[in-house]
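Which chain is which? The protein sequence lines are P and S, in order.
Letter by letter, the first sequence follows residues 3 to 134 of this note's numbering.
Letter by letter, the second sequence follows residues 68 to 360 of this note's numbering.
Below: the structure, in structure tokens.
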Amino acid sequence: MSNLFNIDIVNPEQSFLSKDNVFEVVIPAVEGEIGILKDHIPIISFLKPGIIRVFSESEEQNFYVEDGIVEFKDNTLSVLTSSIFDLKDADKNFVSKSISSAEAELSKDNIDDQKRFLLNHKVEVLKSISIN
Amino acid sequence: MPSLDDLRKRITSVKSTQKITKAMKMVAAAKLRKAQENAEKGRPYSEKMNNVILNLSKSITDKENAPKLLVGTGEEKVHLCIVLTADRGLCGGFNTNIIKKAKSYFEKIISENKTLKIITVGSKGYDQLKRQYKSYIVENISFKESKNINYFDADKVGKIIIEKFEKNEFDVCAIFYNKFKNVITQIPQEQQIVPLNEDKNDKDDSSNDNDYEFEPDEDEILSNLLPKNISTQIFKAMLENSASEQGSRMTAMDNATRNAGELVDRLTIEYNRSRQAAITKELIEIISGAESL
């Protein structure tokens, strides 16, 4: 029996990625990374900034996401996100701009711990991207 | 009776107007295709979003402590209306239809002695509403400078709404826009986004047997999700609106072109008749002059 399932990544403007031959997806959920295989129980969670790794038979794809919602049901993984890009076409300028704006946000005093954590995390991920 | 010269001038002017309306129609048709495509592309997102919220709200057992964006503040005193219109005119009844729909809603609110607040998105809506409802308009947003509809703009509107909600500035929020049915028909819509309409959630019970695992818990996901849903709904409305606007403009301009054509035909006949009449008159004069000799 095949151990493949479907993934749909949509952003508000269009359907970003739709594949039916993936066997594992790793998503940066807000409480830690989740690896999803076929026949995972239905789950709803939301994302923190991080990298979605999609493993299909022939290739591995990596996407950076800032936030979003994931739903897994009936062997279909839906990812709803407003900000996503493929690591392959990462734009250096955009990444460095995002880092600096996140750092500017961090230097403000009036943010709560949760937001600070997310921002720190975002900076970390973005920096790791820009090094590669 | 206008002189031949006057008629000739009128014909040329109508013809050049016709050229403009024809060009506008072509432009609208080209834009319509793109807008329609965008609207279709944007649909999966809002549909999925709706599904997730639907599933979530079903699994919430503790209705008392559910996020207020979902269940409302418990009161219905202050209504916030978001009226989404175009930034440009010359698109038939497009703007007027939305305004009409909105106005009847406003009247209902006012007659029930409730407080009304209006946010207009798009300059045409503001222009039409400011005469009658100026004191109710709290904000007037226009995205004239952005060429395409993008999620970023919708998110801005969404954030304003959330901010106002958190300050307890309103209890119920409805948006008004035109739903794109086809090129000729656009249906003005009234949609309540805060609190989310309950009866809509009852529609689909088939997925009820799905027990989801939530991480973190339902409440936290919901409170994260609902603000996003508002932006998504606004974005959806904006996409529908832009497709409707182009469709409406295309039909309006098509009609205008046809009317101009009819007018040119009529004026040409009139012009030919009066020219012929002048010729006949001169001939009669010549003949009768010759006869009298």
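Where a beta carbon is used, it is the ideal one built from N, C-alpha and C, also for glycine.
In this text, all values refer to a predicted model and were calculated from it rather than measured experimentally.
Task: Residue(s) in a DSSP beta bridge with P/S47 - done: As a first step, residue 47 of chain P must be located in the first sequence, where it is residue number 45. DSSP output for P/S47 lists P/V72, S/E282 as bridge partner(s).
Task: the segment 41 to 54 of chain P: positions lying closer than 8 Å to chain S by Cβ - done: Residues I43, P44, I45, I46, S47, F48.
Open item on the list: In whole angstroms, give me the CA-to-CA distance for S/A345 and S/N339.
Closed with: Sequence index remark: in the second sequence, residue 345 of chain S carries index 278 (1-based). Sequence index remark: in the second sequence, residue 339 of chain S carries index 272 (1-based). Straight-line Cα distance between these residues: approximately 10 Å.
- [ ] Pick helix, strand or coil for S/P294, following the three-state DSSP scheme.
- [x] The count along the second sequence starts at 1 and reaches residue 294 of chain S at position 227. Three-state result, S/P294: helix.
Open item on the list: Please report the straight-line C-alpha distance between S/K270 and S/L121, rounded to a whole angstrom.
Closed with: Start at 1 with the first residue of the second sequence, and residue 270 of chain S comes out as number 203. Start at 1 with the first residue of the second sequence, and residue 121 of chain S comes out as number 54. Unreliable positioning characterises S/K270 in this predicted model, as indicated by a pLDDT of 46, which lies under 50. A coordinate reading is not provided.
Open item on the list: Quick check: does the Cβ of S/E179 come within less than 8 Å of any heavy atom belonging to the ligand MG?
Closed with: The ligand MG is not part of this structure, which contains no ligands at all.
- [ ] Return yes when the Cβ of S/L99 is within less than 9 Å of the Cβ of S/Y279, no when it is not.
- [x] Here the question's residue 279 of chain S lines up with position 212 in the second sequence. Here the question's residue 99 of chain S lines up with position 32 in the second sequence. It is not a contact, given that the beta carbons lie outside the stated cut-off.
Task: Whole-angstrom distance between S/E329 and S/I78, CA atom to CA atom - done: Translated into positions along the second sequence, residue 78 of chain S becomes position 11. Translated into positions along the second sequence, residue 329 of chain S becomes position 262. S/I78 and S/E329: Cα-Cα distance of roughly 11 Å.
Task: Residues near P/E11 by beta carbon distance below 6 Å, same chain, minus five either side - done: Taking the first sequence and counting its residues from 1, one reaches residue 11 of chain P at position 9. Sequence inspection shows Ile at residue 11 of chain P; the Glu mentioned does not correspond to that position. Answer for P/I11: F18, L19, V81, listed in chain order.
Open item on the list: Buried or exposed for S/I251, going by 16 or more other Cβ atoms inside 10 Å?
Closed with: Your numbering for residue 251 of chain S matches position 184 in the second sequence. Looking at its Cβ environment, which holds fewer than 16 other Cβ atoms inside 10 Å, S/I251 is exposed.
Open item on the list: Do S/V81 and S/H146 have their beta-carbon atoms positioned less than 9 Å apart in this structure?
Closed with: Numbered from 1 along the second sequence, position 79 holds the residue referred to as residue 146 of chain S. Numbered from 1 along the second sequence, position 14 holds the residue referred to as residue 81 of chain S. Taking 9 Å as the Cβ cut-off, S/H146 and S/V81 do not qualify as a contacting pair.
- [ ] Note down, in chain order, all residues in the segment 284 to 299 of chain S with a beta-carbon under 7 Å from any beta-carbon belonging to chain P.
- [x] I288, N291, L292, T299
- [ ] Report the residue from S/K223, S/D286, S/P255, S/K181 whose alpha carbon sits nearest the alpha carbon of S/E236.
- [x] Position 169 of the second sequence, counted from the first residue, corresponds to residue 236 of chain S. Comparing Cα-Cα distances from S/E236 to each of S/K223, S/D286, S/P255, S/K181, the minimum goes to S/K181.
- [ ] Go ahead and label S/T152 buried or exposed: buried means 16 or more other beta carbons lie within 10 angstroms of its beta carbon, across all protein chains shown.
- [x] Counted from its first residue, the second sequence places residue 152 of chain S at position 85. Label assigned to S/T152: buried.
Task: Which of helix, strand or coil DSSP assigns to S/P111 - done: Taking the first residue of the second sequence as position 1, residue 111 of chain S is located at position 44. Helix.
TODO: Identify the contact partners of P/I71 in chain S, using a Cβ-Cβ distance below 9 Å as the criterion.
DONE: Against the first sequence, residue 71 of chain P aligns to sequence position 69. K115, M116, V119, I288, N291, L292, K295, listed in chain order.
Open item on the list: Just to confirm my understanding: we take P/I36, look at its own chain, exclude 5 residues before and 5 after, and list those with CB closer than 6 Å. What are they?
Closed with: Here residue 36 of chain P refers to the residue found at position 34 of the first sequence. Around P/I36: I29.
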